[in-house]
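For reference, the structure is listed below as C-alpha cells.
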Amino acid sequence: MSVITLTTDFGLEDQYVGSLHGVIVSLNPQARISDISHLIPSYDIAQASYVLGGSYFLFPKGSIHVVVVDPGVGSARKPILVQTENYFFIAPDNGVLSLALAREKIVRIIHLTNSDYFRSKLSHTFHGRDIFSPVAAHLSKGVSPDVFGPELTCVTRLDLYAHQVQSKKIRARIMAIDKFGNAVLYFHEDDFKEKMRKNSFVLKVGSHQIKKLNDAYWQVKKGDPILLFGSLGYLELATNQGSLAKKWKLKRGMVVELCL
Amino acid sequence: MSVITLTTDFGLEDQYVGSLHGVIVSLNPQARISDISHLIPSYDIAQASYVLGGSYFLFPKGSIHVVVVDPGVGSARKPILVQTENYFFIAPDNGVLSLALAREKIVRIIHLTNSDYFRSKLSHTFHGRDIFSPVAAHLSKGVSPDVFGPELTCVTRLDLYAHQVQSKKIRARIMAIDKFGNAVLYFHEDDFKEKMRKNSFVLKVGSHQIKKLNDAYWQVKKGDPILLFGSLGYLELATNQGSLAKKWKLKRGMVVELCL
Amino acid sequence: MSVITLTTDFGLEDQYVGSLHGVIVSLNPQARISDISHLIPSYDIAQASYVLGGSYFLFPKGSIHVVVVDPGVGSARKPILVQTENYFFIAPDNGVLSLALAREKIVRIIHLTNSDYFRSKLSHTFHGRDIFSPVAAHLSKGVSPDVFGPELTCVTRLDLYAHQVQSKKIRARIMAIDKFGNAVLYFHEDDFKEKMRKNSFVLKVGSHQIKKLNDAYWQVKKGDPILLFGSLGYLELATNQGSLAKKWKLKRGMVVELCL
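Protein chains in written order, with this note's numbering: chain A, 1 to 260; chain B, 1001 to 1260; chain C, 2001 to 2260.
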C-alpha cells in the first residue's frame, strides 16, 4: 500500500481538498492518503517548503509527497517529479521542495508532460486536481517515473535562510512561527549546539536578547522567554505556555543575530 | 472498498467530526472515509451544495456522499437517500443536494425511516451521528436502499442562481468566494465561452467592470483583476496572487451583469 | 485493522499532524488513523478532555485513543497508557483523560518508560511524535501493554465541573461552547431531565434566565434562546440557527444556576 501525502495552500473550506482525494482514490482505490497540511498561506512557497521539510522524512520509504502551492499555475513553470533515494516528490518547479531536497540524494527529475496521465480535461487553474494528483495516483500503482515525461537536469532551489557571518556575529532569519507562537530560527543544532553550550553567547532579535540555552519549555516560568533547540533541531524562541511571537511581535523573515 | 465522503458545517474544533468517523468505522471497518469539507459556514445550505457539486463527481462510481448541513435537525424535514446512476447521496431534504443532482439521473429517493439502521439512542440535535452516518455505513456494507424506508417521488431543489435575462443583459449571482478570494460566477463555459470569445462584452459587478477574457492567473500582473473560466467551468473573477474579493468587496450572492 | 485516534492542540497549519501520521504509518502500515480534532486551543486540557469524552466511545472496542495536549512536555509529568475494559488511551498524565475515564473501568495504567518503543532520537518538545505516536503504533501491532513500562496505581483526574448545591439552587459551569455557539452545561439528563420535566425551574446565567425545556432547535423562532438536552446528554443553551454564546456573551467556565 503506497502512501501519498498532500501539502497545499487550498484551505479546508472549499471543494479543493476533496477533489484531490476523489481523483486519487478513483485511480488507485488502495492508495493511502495523508494530509500533511492544507493551511499553507496562499502562494507561500517558503512555508510549504518548511512544513514539508519538517515531516516528509517520517513517512515510509517510497512514499509520494505531493506539494501544490502553485502561484504560477497554467504558466510555463514546469510540473515535476523528483525521485530521490528514499522518496518521490511531485510539485510545480518553483522551489517548494528546497528544504526537503537539501537532505535527499536525487536519482532523477522528470518534467511531467505526458498528458495520458493527466485528467482528460485539463484546466488552466487547478493542476493539483488535473496533473499532480493523477500522476501521483498512477505512480503509486507502479507506473515507471520515466513514462511521465523527459528528464531534466536541475530543479529550482531557493536559498531562503542563508547565514550572514561578520566576525563573531552570525545573522539568520526566523524560518517559521508555529501555531503556538514559537519562532523557529535558522540555526541548526549540528552547527551551533556545542558552541553555544561551551561559550557565552547573546541572541538578539529586535530590541530583545537572550543569553541562556535551555532544553524544554517547563524550565522557565509561565510566560517567560526561553531559547532551546526544537524538535527539528533548529533553535527556537518560545515561552512556557504562551505565544512569544505575539509578545515580542516576531514575524517570519525577521533577522536574528547570534553573537558567539 | 466503499468510499464514504463527508461534507458538513460541524467545524473541526469539537467532537462532531470524530463522532461521524467513529460511528462509520464501528459499523464498517472497511469503509474508506474522505472528508470533503467540515468548514461549511453554519447552516449554509447553498455553500454546501456548491462544495459538494464541485467535487462529488471525482469520486469512484458507487461512492456514498453524506452531507450534513441541517438547520432543521429534529423537525419534520426528511432525512433522505438519493440513488443516482452513479452515486448515493445521504442528507436532510433541504436542498443541499441541488447542484449535484442537477447533473445526475435519479434512480430512486428513499425516506430514511427505518430506525433499525439508526443509532439505538436517537438525539434530537445530532442526526449526523445518529441517522446519516449509520445509514451510510450500512449502505456501504451492501444493505439494499429500499430497506431504509419508503420511496419518495421528489427531492427539494433550490434554484439559487437563476439567470435574469433582459435583452442583451444577463444577470446572475456570485456563487462562491473561495479561499483565495476568487469569485465564482454563475456563467458556465458551455453556455457563454464561445459567445464571449466571439463578441465584445462587458462584465459588471458593483462599480467595477472588465472586458477581457483570459485563461490563467499569471497572464496579468500581480494584483490586477482577471476574468477567466475556472476549474469547474464557471466564470471567475480573480487577481494574480491576491484576493479580489477583498479588493473589490465581493460577497457571495452579489449580482453580476454580463452585457453581450 | 486497529483504529488509532488523534486529539491534539497542534493546529493544522504546521508539520505536527503530518508528523504523527508519518510515524504511525511507518511503524504500522495497516493502522487506521482517525483525527478527532487538532484544533484544541493550545494547552487546553479541559477542552481536550471534553472533546475526547464526547467521541471516544463511538469507536470500535480496542481502539487506541492518543491525546496530546501537553503543556508540561519534557518535564517530570508522566507519559502513560491506560487500558480500560473497552479501549486504550495514550496521553500525558495531566488530567486530559478525565471525562473519558469517568465512564470507563480501568484495567491497568502503564508508565511509558521503555525507550525501545520511542523514536530513537528523543526531543524535549515533541513527545507526540517521539513517544505517544510510536507507542500507539507498536500497541496497534500487538505489543503487550506491560512491555512499555511499569504499572502505576493511579491516574490524574480533574474534577472540572463539580456541582455546588445550596438547598434548591445547583450551580455548575459551562463545559464547552461549540462551533455553533451552543453552550453545553454540566447538568446531565440522567440526573436532571425527569426533575425538570416534572417541576417548574429557572436556569440562570449572568442576567439571563430561561424557564422552559424543549427538545430540538427548530421549536423556537430563529434567534430565540432555547434550552434542551443535547447530543451528549448535557443541558444545552442555544438558539435556532445562530450563536447564543455571541448574543449572551457566554464563555466556557461561566457559572450557571439551576433552581428546581
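Ideal Cβ positions, reconstructed from N, Cα and C, are used throughout, including at glycine.
DSSP assignment within the segment 2106–2151 of chain C yields the following whole beta strand (DSSP E) runs of 3 residues or more, N-terminal first: 2106–2111. Taking a cut-off of 8 Å on C-beta distances, the segment 1096–1112 of chain B does not touch the segment 2211–2224 of chain C, as fewer than three cross pairs fall below it. Contacts with chain B (Cβ-Cβ distance below 9 Å) from the segment 2028–2059 of chain C involve Arg2032, Ser2034, Asp2035, Ile2036, Ser2037, His2038, Leu2039, Ile2040, Pro2041, Gln2047, Tyr2050, Val2051, Leu2052, Gly2053, Gly2054, Ser2055, Tyr2056, Phe2057, Leu2058 and Phe2059, listed in chain order. With its beta carbon less than 8 Å from one in chain C, B/Thr1125 belongs to the interface. The continuous beta strand (DSSP E) containing B/Arg1032 extends over residues Arg1032 to Ser1037. The C-alpha of B/Leu1258 lies about 6 Å from the C-alpha of B/Val1202.
Under the 8 Å criterion on CB atoms, C/Phe2180 is classed as non-interfacial with respect to chain A. The shortest CA-to-CA distance from C/Lys2169 to any of C/Phe2180, C/Val2205, C/Val2017 and C/Ser2140 is the one to C/Val2205. Every unbroken stretch of the beta strand (DSSP E) spanning 3 or more residues and falling wholly within the segment 1154–1180 of chain B is given here in chain order: 1164–1166 and 1169–1177. Here the alpha carbons of C/Ala2076 and A/Arg197 stand approximately 23 Å from one another.
Of all residues in the segment 86–97 of chain A, none places a beta-carbon less than 7 Å from a beta-carbon of chain B. Within chain C, the residues whose beta carbon sits less than 9 Å from that of A/Tyr217 are Pro2071, Gly2072, Val2073, Gly2074, Ser2075, His2124 and Thr2125, listed in sequence order.
Its chain contains Val2082 and Thr2084 as the residues whose beta carbon lies nearer than 7 Å to that of C/Ile2106, once the 5 sequence neighbours on both sides are disregarded; these appear in chain order.
Within the DSSP secondary-structure output, C/Lys2222 pairs in a beta bridge with C/Asn2240. Residues of the segment 223–247 of chain A that bring their beta carbon within less than 9 Å of a beta carbon in chain C comprise Leu228, Phe229, Gly230, Ser231, Leu232, Gly233, Glu236, Ala238, Asn240, Gln241, Gly242 and Ser243, in sequence order. Shown here, B/Leu1203 sits in a strand according to DSSP, grouped into three states.
Using a CB distance cut-off of 8 Å, A/Arg129 counts as an interface residue toward chain B.
Where A/Gln47 is concerned, the enclosing alpha helix (DSSP H) starts and stops at Ile45 to Gly53. At a cut-off of 8 Å between beta-carbon atoms, A/His188 makes no contact with chain B. Inclusion of B/Leu1250 and B/Leu1237 in the CB contact set at 8 Å is warranted, their separation being smaller than that value. In terms of beta-carbon proximity, C/Val2003 lines the interface with chain B, with at least one pair separated by less than 8 Å. In the three-state reduction of the DSSP assignment, B/Leu1058 falls in the helix class, which pools H, G and I. B/Val1066 carries a strand assignment under DSSP once its states are collapsed to helix, strand and coil.
When rounded, the separation of the alpha-carbon atoms in C/Phe2187 and B/His1021 is 27 Å. Membership of A/Ala183 in the beta strand (DSSP E) is indicated by the continuous run Ala183 to His188. Scanning chain C for C-beta atoms nearer than 7 Å to the C-beta of B/His1021 yields Ser2034, reported in chain order. At a cut-off of 8 Å between beta carbons, B/Ser1026 contacts chain C. At a C-beta separation below 8 Å, C/Phe2010 has these neighbours in chain A: Lys179. Contact note: A/Gly18 reaches chain B through Thr1005, Ser1034, Ile1036, Ser1037 and Ser1055, using a C-beta cutoff of 7 Å and chain order.
Where C/Leu2012 is concerned, there is no enclosing beta strand (DSSP E), because DSSP gives it neither an H nor an E.
The Cβ of A/Gln15 sits closer than 8 Å to at least one Cβ of chain B. Residue state for A/Tyr87 is assigned as coil, using DSSP reduced to three classes.
For C/Gly2149, the CB contacts under 7 Å within the same chain, skipping 5 residues up- and downstream, are Ile2110, His2111, Leu2112, Thr2113 and Asn2114 in chain order. CA-to-CA, the gap between C/Leu2027 and C/Tyr2056 works out to about 23 Å.
Secondary structure at B/Leu1101: helix, using DSSP grouped into helix, strand and coil.
Inter-residue distance for A/Leu158 and B/Leu1122 is about 56 Å (C-alpha atoms, whole angstroms).
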